[in-house]
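What follows is one structure encoded as structure tokens, with my remarks underneath.
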Ligand SMILES: Nc1nc2c(ncn2[C@@H]2O[C@H](COP(=O)(O)OP(=O)(O)OP(=O)(O)O)[C@@H](O)[C@H]2O)c(=O)[nH]1
Ligand SMILES: [Mg+2]
Ligand SMILES: [Zn+2]
């Protein structure tokens, strides 16, 4: 038996990368279908190569995590790609994405792209919003500034690039790796206005790396994540250092007196805007819980 990783699946065929860097076209054994298991990109598998008939996936290792859209498993890092200029960044959406990434136990990375064309003030606004919440870097797919840093962070992980359409996810991958040639264009495509250029999920193997990347055709995976109101702030790395100063141990950092987080906001240690959006998301979590017990 050989060990490998599924890069993509098309029409019942799975493309499996072995430990030597070779890709094999495999089918899955019928019992997977009988058990209701669909092999997915990212799956670590054991497979057999048979003369004439190609390969067969025999076993699928237990999955570390499962992303819903795109359907990818065993993801180590999600890079949220935002644009410092156009399209305008949707902070609330980014906050929510960050929360779901943290909740899934995946490492987040904020990538501010298009720094070549953006005014410094706009770049700084985004940077200051997230620098204490997660690792945040500034890049330009066009000028290639910051791309070496990004490359070093990808390492041998499996990284998904997520973000609004036209923020430059595909452009970044094209600029990073000479053997990758993805379609770009995003919003400018007349026939496909505002829709994502990138659609299917596929792990791409990085040249000279054991790492892989997925050019995510969407922004809203994990949309059904349910979060308890008292859990929410645990997913805010920019707030947790101050939660120890709260008078109440189950402080929601909303209306409670003597709240360490609110004090940190007043002192400018936590972004006011991000805190305001935290309150908005907290309300949503509370309403969701109420609806559940209606
Ligand atoms: N000036 C500048 N333009 C960029 C940069 N990165 C991407 N663009 C442009 O932004 C547009 C969208 O880029 P894409 O790479 O297609 O964006 P995407 O995030 O992959 O979009 P979807 O696949 O639709 O989700 C293209 O016209 C790119 O040329 C950059 O760093 N600087
Ligand atoms: Mg794309
Ligand atoms: Zn508090």
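Residue numbers (the working numbering): 420 to 713. No residue lacks a Cβ here, since even glycine has one placed at the ideal position from N, Cα and C. Every value quoted in this text rests on a predicted model; they were computed, and no experiment measured them.
In angstroms, rounded to a whole number, what distance separates the CA positions of residue i and residue j?
| i | j | result |
| --- | --- | --- |
| residue 616 | residue 456 | Low local confidence applies: a pLDDT of 48 at residue 616 is under 50, so the model's placement there is unreliable, and no value is given. |
| residue 558 | residue 704 | 34 Å |
| residue 596 | residue 674 | 49 Å |
| residue 646 | residue 655 | 13 Å |
| residue 475 | residue 436 | 13 Å |
| residue 479 | residue 464 | 5 Å |
| residue 608 | residue 577 | Because residue 608 carries a pLDDT of 40, less than 50, the predicted location of this residue cannot be relied on, and the following value inherits that uncertainty. Each residue's Cα considered, the two are about 29 Å apart. |
| residue 432 | residue 518 | 34 Å |
| residue 657 | residue 676 | 20 Å |
| residue 555 | residue 486 | 22 Å |
| residue 454 | residue 493 | 20 Å |
| residue 614 | residue 471 | Caution is warranted here: a pLDDT of 48 is assigned to residue 614, below 50, making its placement in the model unreliable, and the coordinate value is therefore given only provisionally. Computed Cα separation, rounded: 42 Å. |
| residue 644 | residue 521 | 11 Å |
| residue 553 | residue 502 | 17 Å |
| residue 567 | residue 560 | 11 Å |
| residue 713 | residue 583 | 34 Å |
| residue 449 | residue 488 | 25 Å |
| residue 458 | residue 629 | 21 Å |
| residue 649 | residue 663 | 14 Å |
| residue 496 | residue 422 | 22 Å |
| residue 679 | residue 688 | 11 Å |
| residue 695 | residue 669 | 19 Å |
| residue 440 | residue 665 | 52 Å |
| residue 589 | residue 667 | 46 Å |
| residue 527 | residue 451 | 32 Å |
| residue 692 | residue 434 | 45 Å |
| residue 430 | residue 540 | 48 Å |
| residue 524 | residue 579 | 14 Å |
Of the residues the options, which one's Cα is nearest the Cα of residue i?
| i | options | result |
| --- | --- | --- |
| residue 512 | 707, 697, 709, 711 | 697 |
| residue 420 | 587, 661, 469 | 469 |
| residue 549 | 594, 525, 499 | 499 |
| residue 563 | 531, 585, 583 | 531 |
| residue 573 | 486, 540, 623, 664 | 623 |
| residue 661 | 503, 681, 650 | 681 |
| residue 445 | 466, 707, 504, 545 | 466 |
| residue 700 | 451, 652, 482 | 652 |
| residue 507 | 587, 422, 571, 569 | 587 |
| residue 542 | 529, 525, 504 | 504 |
| residue 599 | 575, 538, 626, 707 | 626 |
| residue 510 | 529, 483, 635 | 529 |
| residue 473 | 443, 545, 692, 707 | 443 |
Name the two residues that bound the continuous beta strand (DSSP E) containing residue i.
| i | result |
| --- | --- |
| residue 712 | No beta strand (DSSP E) contains residue 712, which DSSP labels as neither H nor E. |
| residue 424 | 421-429 |
| residue 496 | 496-502 |
| residue 464 | 463-469 |
| residue 476 | 473-479 |
| residue 457 | Element bounds for residue 457: n/a, residue is neither H nor E. |
| residue 436 | 432-437 |
In the DSSP assignment, find the unbroken alpha helix (DSSP H) run with residue i in it and report its ends.
| i | result |
| --- | --- |
| residue 549 | 539-549 |
| residue 527 | No alpha helix (DSSP H) holds residue 527; the beta strand (DSSP E) holding it covers 526-532. |
| residue 513 | 510-522 |
| residue 443 | Per DSSP, residue 443 belongs to no alpha helix (DSSP H); it is in the beta strand (DSSP E), 442-447. |
| residue 588 | 588-595 |
Does at least one heavy atom of ligand 5 sit under 6 Å from the Cβ of residue i?
| i | result |
| --- | --- |
| residue 588 | No copy of ligand 5 occurs in the structure displayed; its ligands are ligand 1, ligand 2 and ligand 3 alone. |
Heavy atoms of ligand 3 versus C-beta positions, residues under 5 Å: Here the list is 665, 670, 672, 678, 680.
Every unbroken alpha helix (DSSP H) inside the segment 555-585 [4 residues or more]: For the alpha helix (DSSP H) assignment, the uninterrupted runs of no fewer than 4 residues enclosed by the segment 555-585 are, from N- to C-terminal side, 566-573.
Sequence ranges, alpha helix (DSSP H) only - wholly within the segment 615-700, length at least 4: Entirely contained in the segment 615-700, the alpha helix (DSSP H) runs reaching 4 residues are, in chain order, 659-662, 679-685.
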